[in-house]
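Chemist:
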Amino acid sequence: MALKPVADRVIVKYFETEDKTASGIVLPDSSKEKTQQAEVIAVGGGKVVDGKEVPVQVKPGDRVIYGKYTGTEIKYEGEKYLVINADDIIAIVKD
Amino acid sequence: MALKPVADRVIVKYFETEDKTASGIVLPDSSKEKTQQAEVIAVGGGKVVDGKEVPVQVKPGDRVIYGKYTGTEIKYEGEKYLVINADDIIAIVKD
Amino acid sequence: MALKPVADRVIVKYFETEDKTASGIVLPDSSKEKTQQAEVIAVGGGKVVDGKEVPVQVKPGDRVIYGKYTGTEIKYEGEKYLVINADDIIAIVKD
Amino acid sequence: MALKPVADRVIVKYFETEDKTASGIVLPDSSKEKTQQAEVIAVGGGKVVDGKEVPVQVKPGDRVIYGKYTGTEIKYEGEKYLVINADDIIAIVKD
Amino acid sequence: MALKPVADRVIVKYFETEDKTASGIVLPDSSKEKTQQAEVIAVGGGKVVDGKEVPVQVKPGDRVIYGKYTGTEIKYEGEKYLVINADDIIAIVKD
Amino acid sequence: MALKPVADRVIVKYFETEDKTASGIVLPDSSKEKTQQAEVIAVGGGKVVDGKEVPVQVKPGDRVIYGKYTGTEIKYEGEKYLVINADDIIAIVKD
Amino acid sequence: MALKPVADRVIVKYFETEDKTASGIVLPDSSKEKTQQAEVIAVGGGKVVDGKEVPVQVKPGDRVIYGKYTGTEIKYEGEKYLVINADDIIAIVKD
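Chains as they are written, first to last, in our numbering: chain A, 50 to 144; chain B, 50 to 144; chain C, 50 to 144; chain D, 50 to 144; chain E, 50 to 144; chain F, 50 to 144; chain G, 50 to 144.
1) With burial defined as no fewer than 16 other Cβ atoms inside 10 Å of the residue's Cβ, what is the status of B/Y118: buried or exposed?
2) Check the C-beta distance from B/D57 over to B/K96 and give it rounded, since I have them as a contact under 8 Å.
3) Since C/A87 is in the beta strand (DSSP E), which residue starts that stretch and which ends it?
4) Can you round the beta-carbon distance between C/I141 and D/K53 to whole angstroms, since I take them to be within the 8 Å contact cut?
5) Residues of chain C with CB closer than 9 Å to the CB of D/V107, please, in chain order.
6) Taking E/E122 as the reference, which of E/V59, E/Q106 and E/M50 has the closest Cα?
7) Between B/V103 and B/G93, is the Cβ-Cβ spacing less than 9 Å?
8) Using a Cβ-Cβ cutoff of 9 Å, what residues of the segment 103-130 of chain G are near chain E? List them in chain order.
9) Flag this pair as yes or no: are the beta carbons of E/I133 and A/V55 separated by less than 9 Å?
10) By the three-class DSSP mapping on this structure, what secondary structure does G/A56 have?
11) In whole angstroms, what is the alpha-carbon distance linking A/S79 and A/E88?
12) What did DSSP end up calling D/A135 once you bin it into helix, strand or coil?
13) Could you tell me which residues DSSP puts in a beta bridge with G/Y63?
14) Is it buried or exposed, G/G120, if we count other Cβ atoms within 10 angstroms and call 16 or more buried?
15) Quick one: using the 10 Å Cβ neighbour count with 16 as the cut-off for buried, is D/D144 buried or exposed?
16) With 9 Å set as the bound, which would you pick, yes or no: does the beta-carbon of C/D57 sit closer than that to a beta-carbon of chain D?
17) Please list the partners that G/V97 has in chain E, where partner means a Cβ-to-Cβ separation under 9 Å.
18) Going along the chain, which residues of its own chain have a beta-carbon closer than 7 Å to the beta-carbon of F/I90, five neighbours each way excluded?
19) Can you give me the start and stop residues for the beta strand (DSSP E) that E/Y115 sits inside?
20) List the residues of chain E that A/I60 touches, going by C-beta distances under 8 Å, in chain order.
21) Return the CA-CA distance between E/Q86 and E/Y125, expressed in angstroms with no decimal places.
22) C/V132 touches chain B at which residues, Cβ-Cβ below 7 Å?
23) When the distance is taken between beta carbons, is E/V107 closer than 9 Å to E/V113?
24) Under 9 Å between C-beta atoms, does C/A51 make it to chain B?
25) Would you identify the three-state DSSP class for C/K96, choosing helix, strand or coil?
26) Please work out which residues of its chain come closer than 6 Å, Cβ to Cβ, to F/D111, disregarding the five sequence neighbours upstream and downstream, and give them in chain order.
27) Taking 9 Å as the threshold (beta carbon to beta carbon), is F/A91 in contact with chain G?
28) Return helix, strand or coil for E/A140, following the three-state DSSP convention.
29) Which of helix, strand or coil does DSSP assign to B/E126?
30) Would you say D/A87 lies against chain F (beta-carbon separation less than 9 Å)?
31) Please work out which residues of its chain come closer than 8 Å, Cβ to Cβ, to E/D136, disregarding the five sequence neighbours upstream and downstream, and give them in chain order.
32) If you reduce the DSSP assignment to three classes, tell me which class C/V105 lands in.
What follows is the structure in structure tokens.
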């Protein structure tokens, strides 16, 4: 992808229309408006904390759950993406 | 479990319908709407503080009491879980 | 006790109905609704500050005065307790 | 005194009814409701900052001026006291 | 350029009237009022964090996406620019 | 003076009724209600930052300009003083 | 100048009535009420961060752009000045 996130930001592609994902996670009714699961597309180089760069804990291809109502939507070559902070990712879906 | 929490997050399975748990804890009336006791299902790798990773102080299988009105609800394979921050756990129930 | 507080949390048993305690402390009228004196039942392992664990400054059996309108009430084997942060304890009653 | 303040807390005995104290300080009209001068009765062991304990800069017997509308009132053996943070003391009255 | 940003500030020239940029990024409808893509014109020397200067992660000529409703508009020799903080840049567009 | 400020506090004597001071500073109209210039009477020992005591940058006798609407007024032997934080001093008037 | 700013404060002389300055910067209409360009008159010794004094990055004579609606106005020998924090300077105008 031609977009490189800065610092600890993460670009994700989220699943907007599915109620139940392939891996079996169903988000509860109250969160139906905007699905919270997504695939990581690109990650930044990490956040500098106390003079050390702390790398982002996810990598492209990871499936993640993130807090909804977070991040900035962008469109790239006809596709919608979301740019979120790494801290807004709450869990990784392991297969 | 196929969900791996990030950082200091903890996935718990809470007890929604019991008034009195096996270990004898009864939550007071004012907190009846949402039970505060839960079992730890999965924990993240810890939070980075001052350049050191501080591990989460609970482990899968622990029974914990946590502040209600906290965390994010998720559904996984038909079961409801709650993802909370380790800091929101106030006590561990020892048997 | 089977409850182990996490971090710098402290479980106390407070005195709800007495106006004057054995040690002679009377709380002023404006704080009559909820007595501020209590006995420490269990303490957590301490808070991590700048990479070092700072132990809680009170121990089980201590009588303490704490800021009212703080903490989380729990019931355990028919008794009510309060879980507070160690920082909310303002003084220890020495005999 | 049988009360030992925790951390950087200070127990003071304030002068409620005097308009002019022995040492000659008169508080301006706008602060008449609650006198800001007091005598230090007991001090805590200090606050931990960056891993070091910073001792409280006043000692029992000191006369101090403190910001009004601060602290927690307690009654002990029929006397009223105020528990304040050491940071709320703005000046010491030297004789 | 004769303007030198201070600290971690970045001067950018943004694209106000295009809906679709050359590199193919289209911002979603809700952000049409002010385009979020821009070219970096000048960067400051960096922010001092914990006694070390952390350099800005973008350089003049970079195309960046930044959070809208941020920064200060200035006019220089008839052209409008925006001065933003480096932290408000969320991604770099790689060609 | 018999008052010793604590930490980084500074006791100043301000000029309430003059529009133009001896050194030629006139405060603009919008700040006429309370003159911002004062003479330093006493200073505290300094603030502890990162384990080191940072001394106050002014000394008794200095004429200073400080932000209005700050500090605590006290009366001492018939005179009004103001206790401010050293950080609220914005400039020293050099003769 | 007889005024010495404290810490990281900067005294500037701003241009109130010009729409277009000599160096060619025109502030956009929305900022016409108070011009954002100024000349640095005097600078403080710097801010103490993590025990080290960080010097101010501008010097007397520099022309700077600063965020409007910031700082404190003072009058000195018939001239108006503005005292701002060094952090409120966003760019230096190089000739």
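Glycine included, each C-beta is placed from N, C-alpha and C at the ideal position. All of these numbers come straight from a predicted model, not from anything done at the bench.
Modeler: Considering the structure as presented:
1) Your numbering for residue 118 of chain B matches position 69 in the second sequence. Answer is exposed; the Cβ neighbour count stays below 16.
2) Locating residue 57 of chain B in the second sequence gives position 8, where the first residue counts as 1. Locating residue 96 of chain B in the second sequence gives position 47, where the first residue counts as 1. Yes, B/D57 and B/K96 are in contact; Cβ-Cβ is about 4 Å, under 8 Å.
3) Along the third sequence, read from residue 1 onward, the residue named residue 87 of chain C stands at position 38. Note, C/A87: beta strand (DSSP E), Q86 to V92.
4) Your numbering for residue 141 of chain C matches position 92 in the third sequence. Your numbering for residue 53 of chain D matches position 4 in the fourth sequence. Between D/K53 and C/I141 the Cβ distance is about 5 Å, and since that is below 8 Å, they are a contact.
5) Within the fourth sequence, numbered from 1, the residue matching residue 107 of chain D stands at position 58. Those do not exist, as D/V107 stays about 16 Å from chain C at its closest Cβ, beyond 9 Å.
6) Counting from one through the fifth sequence, the residue named residue 122 of chain E turns up at place 73. Ranking the options by Cα distance to E/E122, first place goes to E/V59.
7) Here the question's residue 103 of chain B lines up with position 54 in the second sequence. Here the question's residue 93 of chain B lines up with position 44 in the second sequence. No, they are not a contact pair.
8) V103, Q106, V107, V113, I114, G116 and K117
9) To locate residue 133 of chain E, count along the fifth sequence from 1; it is residue 84. To locate residue 55 of chain A, count along the first sequence from 1; it is residue 6. The answer is no: Cβ separation not under 9 Å.
10) The count along the seventh sequence starts at 1 and reaches residue 56 of chain G at position 7. Coil.
11) Walking along the first sequence from the start, residue 79 of chain A turns up at place 30. Walking along the first sequence from the start, residue 88 of chain A turns up at place 39. Low confidence applies here, because A/S79 scores a pLDDT of 48, under 50, leaving its location unreliable and the question unanswered by this model.
12) If you number the fourth sequence from 1, residue 135 of chain D lands on position 86. Three-state DSSP puts D/A135 in a helix.
13) Walking along the seventh sequence from the start, residue 63 of chain G turns up at place 14. BP columns for G/Y63 point to G/A87.
14) Position 71 of the seventh sequence, counted from the first residue, corresponds to residue 120 of chain G. Counting Cβ neighbours within 10 Å, G/G120 comes out buried, since at least 16 surround it.
15) For the purposes of this step, residue 144 of chain D is taken as the residue at position 95 of the fourth sequence. Counting Cβ neighbours within 10 Å, D/D144 comes out exposed, since fewer than 16 surround it.
16) Looking up residue 57 of chain C in the third sequence gives position 8. With 9 Å as the cut-off, C/D57 does not count as an interface residue toward chain D.
17) On the seventh sequence, residue 97 of chain G is found 48 positions in, with the first residue counted as 1. Near G/V97 there are no residues of chain E at all, since even the closest Cβ is about 11 Å away, more than 9 Å.
18) Position 41 of the sixth sequence holds residue 90 of chain F. Cβ within range, chain order: M50, I60, V61, K62, P109 and Y130.
19) Residue mapping note: residue 115 of chain E aligns to position 66 of the fifth sequence, counting from 1. Note, E/Y115: beta strand (DSSP E), R112 to Y115.
20) As a first step, residue 60 of chain A is located in the first sequence; it is residue number 11 there, counting from the start. In chain order: A140.
21) As a working note, residue 86 of chain E is residue 37 in the fifth sequence. As a working note, residue 125 of chain E is residue 76 in the fifth sequence. One C-alpha to the other measures close to 19 Å.
22) The sequence position of residue 132 of chain C within the third sequence is 83, counting from 1. Going along chain B in sequence order, the residues near C/V132 (Cβ under 7 Å) are I139 and A140.
23) The residue you call residue 113 of chain E lines up with position 64 of the fifth sequence. The residue you call residue 107 of chain E lines up with position 58 of the fifth sequence. Cβ atoms of E/V113 and E/V107: closer than 9 Å.
24) Within the third sequence, the letter at position 2 stands for residue 51 of chain C. With 9 Å as the cut-off, C/A51 counts as an interface residue toward chain B.
25) Translated into positions along the third sequence, residue 96 of chain C becomes position 47. Looking at C/K96 - three-state DSSP - the assignment turns out to be strand.
26) Locating residue 111 of chain F in the sixth sequence gives position 62, counting from the first residue. Answer for F/D111: V89 and I141, listed in chain order.
27) The residue given as residue 91 of chain F occupies position 42 in the sixth sequence. No - not a single Cβ of chain G is within 9 Å of the one on F/A91.
28) Position 91 of the fifth sequence, counted from the start, is the residue given in the question as residue 140 of chain E. Note: E/A140 maps to strand in three-state DSSP.
29) The residue you call residue 126 of chain B lines up with position 77 of the second sequence. In this structure, B/E126 counts as coil in the three-state DSSP scheme.
30) The sequence position of residue 87 of chain D within the fourth sequence is 38, counting from 1. False, the Cβ-Cβ gap to chain F never drops below 9 Å.
31) If you number the fifth sequence from 1, residue 136 of chain E lands on position 87. Result list for E/D136: D57, in chain order.
32) Counting from 1 along the third sequence, the entry for residue 105 of chain C is found at position 56. Coil.
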